[in-house]
DNA sequence: TTTGTATTTCGTAAAAATACGAAAATGAAA
DNA sequence: TTTCATTTTCGTATTTTTACGAAATACAAA
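Residue numbers (my numbering), protein chains in the order written: chain A, 1 to 113; chain B, 114 to 226.
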């Protein structure tokens with residue numbers, strides 16, 4: 001073919017974008033922080049802290065679940081949410097490797113001097 | 114007031130979300146990686162690597178500029194782009210602190226044992 | 001000055017994200 | 001079973017994002 005243009009995005013780039021998208025709304029960041037600080041908590045406590053209608057909070061929780069960052073389980077009349085710790089570690093690794101990319105490049109250059 | 118609901122998002126949460134949003138599309142992740150690997154390069158080289166129309170690539174570059182992550186400068190008939198290294202460090206700090214939030218909580222718990 | 005190359009801007013279309021309130025669903029408790 | 005509290009789903013409106021091609025811009029070189 002004439003141009004190398006039509007390469008697909010790499011799986012890694014897609015994964016980074018997917019995690020980043022989950023964090024791309026302040027309500028979702030706030031929800032994650034709240035969950036992390038309490039280890040676990042139920043919907044109404046989360047909703048109390050987020051300045052949005054319950055139904056919208058529910059939507060954001062669904063987004064976070066789809067991204068694999070939280071999980072919910074039924075607890076009496078409530079639904080208990082917590083961070084999906086395993087996937088959170090993946091997010092951590094993927095995002096920090098990405099954020100460090102430039103630095104590691106510098107390290108490489110230094111080591112070649 | 115009756116409910117503590119209507120608190121605004123914290124500035125930190127807004128900043129995290131803003132950076133995350135800049136990374137929330139694989140084309141933008143790919144552009145940033147490309148720029149980091151070359152230190153600097155001009156539009157046509159970036160566009161060659163991204164499977165989108167030039168005008169769309171330009172739009173994504175504008176997004177990255179608005180987020181403060183890259184800067185462009187005129188270079189003859191070309192426009193030379195590079196990562197805004199200062200802001201990238203802020204992104205790194207902000208995102209890694211956020212991603213570590215749970216871990217530091219565990220560390221605190223461990224140290225209290 | 002005309003031409004050519006590189007990039008952006010414009011106009012626009014289609015899809016996705018965000019938000020809300022009303023209604024439905026779930027399951028505990030009366 | 002009826003009722004109550006909690007949460008989700010539905011319907012829908014608005015805004016934002018993403019994408020493209022055509023046209024405009026900028027400026028170097030002929």
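Virtual Cβ for every residue (Gly too), placed ideally from N, Cα, C.
- Counting only runs of 4 or more residues that sit fully inside the region 15-88 of chain A, the alpha helix (DSSP H) segments are 26-38, 43-49 and 54-66, in chain order.
- Around the CB of residue 187 of chain B, fewer than 16 other CB atoms lie within 10 Å, so the residue is classed as exposed.
- The region 52-60 of chain A makes no contact with the region 142-155 of chain B; the number of CB pairs closer than 8 Å stays below 3.
- Residue 7 of chain A belongs to the set of residues whose beta carbon lies under 8 Å from a beta carbon in chain B.
- DSSP, read as helix, strand or coil, puts residue 125 of chain B in helix.
- Ranked by Cα distance from residue 69 of chain A, the options A:77, A:76 and A:60 are led by A:60.
- Look at residue 210 of chain B: its C-beta is not under 8 Å from any C-beta on chain A.
- In terms of beta-carbon proximity, residue 130 of chain B lines the interface with chain A, with at least one pair separated by less than 8 Å.
- Spatial neighbours of residue 28 of chain A in its own chain (CB-CB distance under 8 Å, excluding positions within 5 residues in sequence) are listed in chain order as 22, 60, 63 and 64.
- Taking CB atoms only, residue 179 of chain B has no neighbour in chain A less than 8 Å away.
- The distance from the Cβ of residue 196 of chain B to that of residue 149 of chain B is about 6 Å, consistent with a contact at the 8 Å cut-off.
- By the criterion of a C-beta distance shorter than 6 Å, residue 71 of chain A is surrounded in its chain by 84, once the five residues flanking it on both sides are discounted.
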